[in-house]
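Asks: Going by our numbering, the first residue of the sequence shown is number 8, and it counts up by one from there. Quick reminder that beta carbons are idealized off the backbone N, C-alpha and C, glycines included.
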Amino acid sequence: MGIPQPAFYIFKCEQSAPPGMPKPSCVTPQTQDLFQYLAQSLMKEGIMGTVQPIRTSCMNRCQMGPVMLVEPGHTMYAGLTKEKIDKIVQEHIIGGNVVEEYVIDKEMWDEPISPADMKKQMGM
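1. Is ILE17 helix, strand or coil by DSSP?
2. Exposed or buried, what is ALA85 when buried is set at 16 or more other beta-carbons lying within 10 Å of its beta-carbon?
3. With a cut-off of 8 angstroms, do at least 3 Cβ pairs link the stretch 11-24 to the stretch 44-63?
4. Relative to the alpha-carbon of CYS33, which residue among ASP112, MET66, GLU108 has its alpha-carbon at the smallest distance?
5. Please tell me whether LEU41 and PRO73 are closer than 9 angstroms, where the distance is taken between their beta carbons.
6. Give a yes or no on whether 9 angstroms exceeds the smallest Cβ distance from MET115 to chain D.
7. Tell me, please, which residues DSSP counts as bridged to ARG62.
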């Protein structure tokens, strides 16, 4: 038997902007330990083997940060804190229910568009 695929991938934005930049950053001195906290939470729950946390660069939702994307489901969570991560792990990852109150605003996270449709929109 092979190694099972993860049931979930959690992409956590780890982008930090240099001081003085005009847009906000997902990683600040106050939020720099959220990825480590997420990974430790998964380990404590004994589910690290089936949930893969992944550090990413910018996901272009800086004003809503810190953010993370849960796949499958294409669910982006915004304004993360340790308390929110705890609830997301318990209710979404373990319980199977999206934590709607932490999901990014619909105006900031529209429906996906295919690469072919994007090329059409760009006149290519």
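Replies: Checking against the coordinates, here is how it stands:
1. As a first step, residue 17 must be located in the sequence shown, where it is residue number 10. In the structure shown, ILE17 sits in a strand (DSSP, three-state: E or B).
2. The count along the sequence shown starts at 1 and reaches residue 85 at position 78. It is buried - the Cβ of ALA85 has at least 16 other Cβ atoms within 10 Å.
3. yes
4. By one-based count along the sequence shown, residue 33 stands at place 26. Cα-wise, what sits closest to CYS33 is MET66.
5. Residue mapping note: residue 41 aligns to position 34 of the sequence shown, counting from 1. Residue mapping note: residue 73 aligns to position 66 of the sequence shown, counting from 1. In contact: LEU41 and PRO73 (Cβ atoms closer than 9 angstroms).
6. Protein chains in the displayed structure number just one, and chain D is not present.
7. Translated into positions along the sequence shown, residue 62 becomes position 55. BP columns for ARG62 point to LYS19.
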